[in-house]
Every structure is written in structure tokens, then in C-alpha cells.
Amino acid sequence: MAKRSTPSPRRRTSVAVALALPALLAGCSATNPITTDLDYDPSDGVSQQLGDVQVGNLIVLTAEEGAPGTLLGFVANRGAQDASVVLAVGGEQSGSIDVPAGGTVRLGPDGDETVDLSAVPGIPGSKLEVTVTSDVSGAASVEVPVLDGTLPEYADLVP
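Throughout the sequence shown, residue numbering follows mature numbering (1 follows the signal peptide of the UniProt record, and there is no 0), covering -30 to -1, 1 to 129 in sequence.
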């Protein structure tokens, strides 16, 4: 007659832990939001949506406070009619851009348009209020980061 063995308490505990562990670890994420479902700016710049008009990846580049600067980013028009977009940095109109229906205009020294600032009113590391006004979508303000040439990708773009 074959001898029947009974599982040891150690083995039973190991099996119970192995079965409970996945459920326990999965519960850790129950209270955490899924960040890939949230809208965010995956770069240094910021974005703002105004109906069919969107500005994206906006940053101000300057060497220091009070020095000349430039606004980098893009303006896109997903609408069926052309749009005129005015950008005001720190309360002063800095640029007016015509964006064709369905088109995108890149801003910056290597882009389609440049928005130059004679004197940036903030130090690198701060944020400036940029007001975006569209003749077809209204107006909104966004806090845009001020950067300098510390990061290699911006070093050649600082005025």
C-alpha cells in the first residue's frame, strides 16, 4: 500500500503566499491613476488648446533676465478656416501668426516664423504668462517656462 504524505505547514504557507501575492500587489495600483490616460506635455514646453487652434511645446529661450529671447513651439489650426493668432509675452504683443486651415506653423530660429523678444522679463527657470488670442477661437493664457542654453538641445538657439 502506498504511503500518502501530507503537505507540511511550510509548504501550505508557501502556496498560500504565492496565491495571495499577485492579488495583494495588484491592489497597490487600485488607488493610483493611470498616468498614460492623462493629458500632459511630454517635453520641456507647454500646450494650450483654443477650440480648433492649439499652441504646443512653448518655451522662451534667453541667456538671462532682461536679455533678448525667442519663443519656440508651434501653432496648429485644425479648423476649416484660416486663423490669425497673436502671442503676447508678459503682457506685450510679441508676434502675429497666420495659420492656414489644417496647417501648422513652427516657431523658432529653425521654424517657419520667429517670435523675438527684445527683453525677457524673467530669469531662466521661471515662468512667463503668454496670452494666445485667435480670431476664430478666443483667448487663453498659459504659463511658459523660461530656459537658457544649459541643455545642449537649446544651446545653439539662445539669442
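Beta carbons are placed, not taken as given, at the ideal position from N, Cα and C, and that holds for glycine.
{"Item": "Secondary structure of Leu117, DSSP reduced to three states", "Value": "strand"}
{"Item": "Proximity test, Cβ basis, 9 Å: Ala(-11) and chain C", "Value": "Protein chains in the displayed structure number just one, and chain C is not present."}
{"Item": "Assigned secondary structure, Glu123 (DSSP; H/G/I helix, E/B strand, else coil)", "Value": "helix"}
{"Item": "From Gly36, Gly39, Ala46 and Pro38, residue whose alpha carbon lies closest to that of Gly26", "Value": "Ala46"}
{"Item": "Beta-carbon proximity of Val106 to Gln51, cut-off 9 Å", "Value": "yes"}
{"Item": "Asp68, enclosing beta strand (DSSP E) - first and last residue", "Value": "Glu62 to Val69"}
{"Item": "The stretch 33 to 43 in contact with the stretch 78 to 95 per 3-pair CB rule at 8 Å", "Value": "yes"}
{"Item": "Beta-carbon spacing of Leu20, Leu31 below 9 Å", "Value": "no"}
{"Item": "Given Glu34 as reference, the closest of Leu121, Pro122, Val116 and Glu123 once Cα atoms are compared", "Value": "Val116"}
{"Item": "Beta strand (DSSP E) segment containing Ser104, residue limits", "Value": "Lys97 to Ser104"}
{"Item": "Distance between Leu121 and Arg(-21) (C-alpha atoms, nearest Å)", "Value": "56 Å"}
{"Item": "Pair within 9 Å by beta-carbon distance, Val111 and Glu99", "Value": "The residue asked about is misnamed: residue 111 is Ser in this sequence, not Val. Yes. Within cutoff."}
{"Item": "Beta-carbon proximity of Val56 to Gly65, cut-off 9 Å", "Value": "yes"}
{"Item": "Reduced DSSP secondary structure (H/G/I, E/B, other) of Val90", "Value": "coil"}
{"Item": "DSSP three-state assignment for Thr84, whether helix, strand or coil", "Value": "coil"}
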